[in-house]
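J.: Below you'll find the structure I mean.
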């Protein structure tokens, strides 16, 4: 299919539709408003339903309902709105319902600002809502990658009956890039015998019950054990990571999302000068590519690791866990939506080499 | 007597890019005011290039707090100042789609006093963008824009492009679109927009394939101010 010039928010919406998403529930917030805007026009054309909910909480619970009935449903928001959805995400995880949640991160905490940020890393990766659960978290770094990821996001959600978060940022949502969208007029979806689609007393199918309340301690423990076992499979099978020019590197950069693009520009510039620098870019933030990070930095050639992020040292913690002390890890990042520059990263790398 | 240019189109059709270029070009021959009437976009708007515009001597009127990390659906009272008598060029850069164009409608009584030969209302299309990529959908957008903005479009602009990957073939696609639109509506094609080298290639193609000049209009060269390369974007900030 031919290239189109699309805004990230439009592209992610169209890609979701091509992946079989027919239900969107959301509430406006900058900088993701172009998602509901696009969905409100496009979903009726494909027989789907767009609904602007009365609140974020209502929207995420509508996703619970549609997903519980077996449909591919999604919601999108931006940081403060995603905070409001956390109760629903925890409930969706407990009720084992597939759902896709897009977060076009903006500056926080609180209302923060409306520029791009990566400040919701902890929220997405470490829980956000209460209880022992995880959401699979994808972190795209270009609009094309965001599009390609949507099919995988819905498939993963269905396969593991889990919430999946697309953790992008305002820049991915608002920038325009040429993109190729795969057209998929008849998306296939797995059979969902567990879905609550109506009970037939004369039929053989048992009553479908979707629930997150387990009063008996043993019952709740059984659920957590089941989720835990599933998370172990996800950790084995679903890790995605890009290792860029890391072999034989002297300094390894670690970054995700749009910041990783800036890092890549720095890597390219330094590689051209013969300076061996590489980049590890986690594409799934949970499950985290612990092994890939460790292997990249454990090489004899590596003098140090530099984590770069548009937040105040969140990815840094997972990088340190993965590096596990075998090499020094430095941090470079700013909150308040201040994007690191290629020049700034290069300057820092040069200092690390001199040290 | 001032010349007024109003640029409207769907989201991402290239209004701001053309508006900034036209402003910088117009400033070379007289005073020029650019009115950023975009109350839709938080980033990627003509106010983002305030420093470039001011350095060139273009007066920029932005919504209050634009590019100040918050958004308020309000317009500057300074907008009314452009309707006072004088000389020069006034360019209105309107927010995307009918939603953004609503902001324009309130100035209808002011525009009503401008002689028709001084008022140019352009509809900008890019066939590589979704939502207005073919004649029927672009016609629907055009209809909605005219209702929302309470103004009639006087010229159609071919802005076929794929950002940094643009070549003349995108203007050829745009030619087919503006030709179809013009034939259906009777609105003339005002011009074809592109960087100089893309325009040159398109001109060559147009001559070889006997494209009708009526659907090309003027060749309007621009320099890329908004859709910049990733690195330039980063080094110069949001």
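Chains as they are written, first to last, in the numbering used here: chain A, 80 to 434; chain B, -17 to 220. We put the CB at the ideal spot given by N, CA and C, even for glycine. A quick note: this is a predicted structure, and the numbers were derived from the prediction, not measured.
With DSSP as the reference, label residue 119(A) as helix, strand or coil.
T.: helix
J.: Does the separation of the CB atoms of residue 153(B) and residue 176(B) fall below 7 Å?
T.: yes
J.: Kindly indicate which residue of 286(A), 414(A), 117(A), 230(A) has the alpha-carbon position closest to the one of residue 148(A).
T.: 286(A)
J.: Determine, using beta carbons only, whether residue 93(B) and residue 17(B) come nearer to each other than 7 Å.
T.: At the C-beta level, residue 93(B) and residue 17(B) stay beyond 7 Å of one another.
J.: Give the secondary structure of residue 414(A) by DSSP, where H, G and I count as helix, E and B as strand, and everything else as coil.
T.: coil
J.: So with Cβ pairs under 7 Å, would you call residue 253(A) a contact of chain B?
T.: Yes - at least one Cβ of chain B is within 7 Å of the one on residue 253(A).
J.: Can we say the stretch 269 to 278 of chain A touches the stretch 126 to 143 of chain A, given the rule of at least three CB pairs closer than 8 Å?
T.: no
J.: Going along chain B, which residues have a C-beta under 8 Å from residue 82(A)?
T.: 110, 144, 147
J.: Just checking: is the beta-carbon of residue 86(A) within a distance shorter than 7 Å of some beta-carbon in chain B?
T.: Interface residue, yes.
J.: Starting from residue 369(A), trace the alpha helix (DSSP H) in both directions and tell me its first and last residue.
T.: Residues 369 to 377.
J.: Cα separation between residue 198(B) and residue 157(B)?
T.: 7 Å
J.: Leaving aside the five residues before and after residue 200(B) along the sequence, list all residues of the same chain whose C-beta is less than 6 Å from its C-beta, in chain order.
T.: The residues are 173.
J.: Is residue 33(B) buried or exposed, if buried means 16 or more other CB atoms sit within 10 Å of its CB?
T.: Answer is exposed; the Cβ neighbour count stays below 16.
J.: Using 7 Å as the limit for Cβ to Cβ distance, is residue 264(A) near chain B?
T.: no
J.: Taking the Cβ atom as the reference point for each residue, do residue 176(A) and residue 216(A) lie within a distance shorter than 7 Å?
T.: no
J.: Assign residue 165(B) to one of three DSSP states: helix, strand, or coil.
T.: Three-state result, residue 165(B): helix.
J.: Mind pulling the beta strand (DSSP E) runs of 3 or more residues that sit fully within the stretch 147 to 177 of chain A?
T.: At a cut-off of 3 residues, the continuous stretches assigned as beta strand (DSSP E) that sit fully inside the stretch 147 to 177 of chain A are 152 to 156.
J.: Enumerate in chain order the residues of its own chain whose CB-to-CB distance from residue 313(A) is below 7 Å, with the five nearest sequence positions on each side excluded.
T.: 215, 239, 366
J.: How many angstroms separate the CA atom of residue 45(B) from the CA atom of residue 201(A)?
T.: 35 Å
J.: Measuring CB atoms only, is the stretch 174 to 193 of chain B touching the stretch 120 to 133 of chain B, in the sense that at least three cross pairs come out at less than 8 Å?
T.: As far as the Cβ criterion goes, the stretch 174 to 193 of chain B does not touch the stretch 120 to 133 of chain B, which means the pair count is below three.
J.: Assign residue 237(A) to buried or exposed, taking buried as 16 or more other Cβ atoms, counted over all protein chains shown, within 10 Å of its Cβ.
T.: Residue 237(A) counts as buried, since at least 16 other C-beta atoms from the protein chains shown sit within 10 angstroms of its C-beta.
J.: Beta carbon of residue 109(B), beta carbon of residue 159(B): below 7 Å?
T.: yes
J.: For chain A, is any of its Cβ atoms less than 7 Å away from the one on residue 217(B)?
T.: Caution applies to residue 217(B), whose pLDDT of 49 falls short of 50 and renders its modelled position unreliable; the value that the coordinates give is listed next. Yes, residue 217(B) lies at the interface with chain A (some Cβ there is under 7 Å from its Cβ).
J.: Just mark residue 192(B) as buried or exposed, buried being the case when its beta carbon has 16 or more other beta carbons within 10 Å.
T.: exposed
J.: Does any residue of chain B have a CB that is nearer than 7 Å to the CB of residue 219(A)?
T.: no
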